[in-house]
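Trainee: Structure in structure tokens, see below.
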Amino acid sequence: MKYLLLLMLLHLTNFLGYSQNFSAQIIAEDNKKAIPYANVKTNMNTGVISNEEGFFTININDSIKSLTISCLGFQQKTIPVDLIKTEHTIIELAISINQLDEVFISNKTLNVESIMAKVRENISVNYENNLMNHGIFSRTTNYAEFKKLDFEIEKASHIKKRNLQSANRELEAMAKEVKEGNIIQFEDFKGNIFVLNKDSTKIEASKATKILDSKNNFSLDDIQEKSQRIVLKYLDSSKTYKIKTGLFKLDDSLDLNDDKIKDLQKKEFQLNTLNSFTRKTLRRALFYKNAFLDKLINPKLYDYTLQTTTFNDALTYVIQFKPSKEGAKYTGLIYINGDSFAITQVDYDFFEDRHGKKINFKFFLGLKYIHSTSRGTIIFEKNSTNIYQPKYIKHIYGSYFYANRDVKFIENSNDKNKVRFSFTLEGDNRFKQEILFTSHTKLTSEDFKNIKQNKAVIYTQLEAFDKNFWGNEEILEPLNEMKNFNINP
């Protein structure tokens with residue numbers, strides 16, 4: 109009987125097939141440094157890319173016989189699955205040495221103006237922007253560092269002295285916690301973004317997670333809300349209060365049992381918000397008129413220098429760009445395929461002292477803001493019809509902020525008693541969105557019209573990254589900062 113059960117189990121295992129996740133790090137053979145954004149493909153044309161630290165995880169089943177790893181500047185390597193012995197290993201890539209003769213190189217190499225002209229001529233041939241369904245995995249990472257946080261409660265005759273002292277102690281404790289806290293959170297979702305045109309997209313999310321320490325979840329609005337709740341604790345709990353702030357026109361009634369707080373605590377991502385953020389990031393990789401990439405290849409805005417010419421599976425021109433006019437803001441590298449003149453990769457950053465939006469009403473409205481960081485990487489991949497679609501986008505947005513808010517509680521009673529408190533905060537915020545593209549299919553206008561976008565997607569809140577949550581799905585390998593993040597270490 110035991111033998112029969114064992115035999116049945118063996119047959120069932122063979123029927124279901126073998127499957128496991130394989131993790132590795134890709135490094136350079138010569139200096140052992142991690143290789144980011146290497147393309148890892150299976151013989152079944154599925155694949156992922158390595159993260160900024162060179163790590164990747166890929167699912168291997170019975171149909172997958174080999175992995176091919178390629179990256180610009182390195183020799184391509186193919187590894188039979190039979191040679192993969194451990195779950196975690198190191199894969200070394202050798203630097204690519206051009207073996208083409210000088211005559212071929214000189215005949216193929218054009219001057220930089222001619223190369224950029226051919227890039228512009230071939231945009232409509234190499235890329236498709238509209239009516240696309242992109243399968244995506246998105247990860248956003250939010251960082252905040254508060255350099256200053258001060259509270260002040262105005263004395264009020266109708267509030268007991270011990271209550272004001274207790275409120276001050278709690279506010280001071282919160283300020284200390286905010287300034288000393290490691291404020292970081294991660295939000296992942298997997299789904300599809302459907303593109304009609306530059307301004308119209310819809311999004312679908314099938315699975316989502318959020319990793320954060322809720323005790324250290326401090327944004328500007330969070331700080332205002334939590335400080336308000338602290339003050340409310342020491343007011344007359346039998347009354348309701350109207351709240352007004354000098355920065356925004358808020359006029360709302362609050363009490364200590366406000367049901368609206370429960371709505372804010374729902375574990376949902378609003379899809380309109382996800383759609384807006386993702387569309388904005390995706391637009392950086394699409395060649396719409398006056399959009400990000402269209403401006404980068406505009407010779408009226410940028411100067412170009414041919415840095416090098418390299419060869420892997422195709423001749424590649426590496427071109428540096430920097431502003432030629434004040435209106436241009438970026439510098440970086442453009443990688444161009446020498447046969448199709450398609451852009452295959454862009455690395456960009458703000459040039460020298462350039463910045464984005466700047467608002468300084470510090471002494472008028474108590475508000476200062478500088479968009480100080482904008483950098484990222486865009487990688488394209490050619491499909492079977494020779495069209496280049498985005499494979500990976502990373503965009504980092506950073507800002508400096510200063511805010512001074514006055515908040516006033518007005519009792520909803522005949523006495524109209526008032527309590528005023530203010531807070532001042534200053535710090536830096538950084539927002540990183542990464543998108544891995546897992547599939548691309550064409551849409552029709554009717555297809556797009558029939559897609560109904562839901563209102564929200566429920567996310568699973570995790571205390572630490574759980575690789576089992578995503579199973580065998582193609583996702584971005586987390587960085588060590590995410591792997592090591594744990595609310596209860």
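In our numbering, the protein residues as written are 109 to 597.
Glycine included, each C-beta is placed from N, C-alpha and C at the ideal position.
The structure presented is a predicted model; accordingly, all values stated were derived computationally and were not measured.
Hey, quick one: how far does the alpha helix (DSSP H) through A252 stretch, first residue to last?
Mentor: No alpha helix (DSSP H) contains A252, which is instead part of the beta strand (DSSP E) from 240-261.
Trainee: Can you tell me which of the three DSSP states K334 falls into?
Mentor: DSSP places K334 in helix when its eight states are reduced to three.
Trainee: How far does the beta strand (DSSP E) with T150 in it reach, from first residue to last?
Mentor: 147-150
Trainee: Taking the Cβ atom as the reference point for each residue, do T248 and K591 lie within a distance shorter than 8 Å?
Mentor: no
Trainee: Mind pulling the beta strand (DSSP E) runs of 3 or more residues that sit fully within the segment 520-577?
Mentor: Scanning the segment 520-577 for uninterrupted beta strand (DSSP E) segments of 3 residues or longer gives 526-550, 564-566, 568-570, listed from N- to C-terminal end.
Trainee: Quick one: residues in its chain with C-beta nearer than 8 Å to the C-beta of R391, no 5 flanking neighbours on either side, listed in chain order?
Mentor: K306, A399, F400
Trainee: DSSP on M590, reduced to helix/strand/coil?
Mentor: helix
Trainee: To the nearest whole angstrom, what separates the beta carbons of M240 and K550, a pair I think is in contact under 8 Å?
Mentor: 7 Å
Trainee: Expressed to the nearest angstrom, what Euclidean distance is found between the alpha-carbon atoms of H503 and R228?
Mentor: 24 Å
Trainee: Could you tell me the alpha carbon to alpha carbon distance between I351 and V527, rounded to whole angstroms?
Mentor: If you take the alpha carbons of I351 and V527, they lie about 10 Å apart.
Trainee: Could you give the C-beta distance for F254 and L382, rounded to a whole number, given that I count them as a contact under 8 Å?
Mentor: Contact flag wrong, Cβ pair sits at about 26 Å.
Trainee: DSSP on T348, reduced to helix/strand/coil?
Mentor: coil
Trainee: Alpha carbon to alpha carbon, what distance is there between N522 and N250?
Mentor: Spanning the alpha carbons of N250 and N522 requires a straight line of approximately 45 Å.
Trainee: Suppose the cutoff is 6 Å on Cβ atoms and the five residues either side in sequence are ignored; what does the same chain contact list for N512 look like?
Mentor: G474, T532
Trainee: Which same chain residues, not among the five before or five after F449, have their C-beta less than 8 Å away from its C-beta?
Mentor: When the five nearest sequence neighbours on each side are left out, the beta carbons in the same chain lying within less than 8 Å of the beta carbon of F449 are those of I223, K226, V227, E229, N230, N234, in order along the chain.
Trainee: Assess, as a yes-or-no matter, whether the segment 573-591 is touched by the segment 150-169 under the definition of 3 or more beta carbon pairs within less than 8 Å.
Mentor: Between the segment 150-169 and the segment 573-591 there are three or more inter-stretch CB-CB distances shorter than 8 Å, so the stretches are counted as touching.
Trainee: Hey, how far is the Cα of T481 from the Cα of T348?
Mentor: 43 Å
Trainee: Closest to A313 by C-alpha separation, out of L343, N380, L257, A136, would be which residue?
Mentor: Looking only at L343, N380, L257, A136, the smallest Cα-Cα distance to A313 is reached by N380.
Trainee: Please look up how many angstroms separate the CB atoms of I311 and T386, rounded, as I've assumed it's under 8 Å.
Mentor: 6 Å
Trainee: Please say whether F302 and F545 have beta carbons closer to each other than 8 Å?
Mentor: Contact: no.
Trainee: Between A202, A252, N237, which has its C-alpha nearest T309's C-alpha?
Mentor: Selected option, being the one with the closest Cα: N237.
Trainee: Does R528 come within less than 8 Å of chain B when only Cβ atoms are used?
Mentor: Annotation note: the requested chain B is absent from the structure, which comprises a single protein chain.
Trainee: Quick test of your reading: G535 and F517, contact by CB under 8 Å. State the CB separation rounded to the nearest angstrom.
Mentor: Actually they are not in contact, since the Cβ atoms of G535 and F517 sit about 26 Å apart, beyond 8 Å.
Trainee: Please work out which residues of its chain come closer than 6 Å, Cβ to Cβ, to I467, disregarding the five sequence neighbours upstream and downstream, and give them in chain order.
Mentor: Y477
Trainee: Let me know the secondary structure DSSP gives R513 once reduced to three states.
Mentor: Here R513 sits in strand by DSSP.
Trainee: Are the beta-carbon atoms belonging to A132 and I198 less than 8 Å from one another?
Mentor: Contact: yes.
Trainee: Identify whether D360 lies in helix, strand or coil by the three-state DSSP scheme.
Mentor: Residue confidence is low: D360 scores 45 on pLDDT, short of 50, so the model does not pin down where it sits. Its coordinate-derived value is still stated next. Residue state, collapsed to three classes: strand.
Trainee: Helix, strand or coil: how does DSSP classify F449 here?
Mentor: F449 sits in coil when the DSSP states are folded into three classes, being neither helix nor strand.
Trainee: Do A436 and Y412 count as a contact pair if the criterion is CB distance below 8 Å?
Mentor: no
Trainee: Look at the alpha carbon of I319 and the alpha carbon of V220, and state the distance between them as a whole number of angstroms.
Mentor: 46 Å
Trainee: Determine the direct distance from the alpha carbon of L304 to that of K563, and round the result to whole angstroms.
Mentor: 19 Å
Trainee: Tell me the rounded alpha-carbon separation between F243 and N153.
Mentor: Here residue 243 turns out to be Gly, not Phe, going by the sequence shown. Those two C-alpha atoms are separated by around 15 Å.
Trainee: For F529, count neighbouring C-beta atoms within 10 Å of its own C-beta (all shown protein chains included) and say buried if the count is 16 or more, exposed if not.
Mentor: Buried, since its Cβ has 16 or more Cβ neighbours within 10 Å.
Trainee: Rounded to the nearest angstrom, what separates G299 and F245 at their Cα positions?
Mentor: Rounded to whole angstroms, the separation of the alpha carbons of F245 and G299 is 7 Å.
Trainee: Per DSSP, Q183 forms a beta bridge with which residues?
Mentor: Beta-bridge pairing links Q183 to no other residue.
Trainee: Would you report the Cα separation of N151 and E581, rounded to the nearest angstrom?
Mentor: 17 Å
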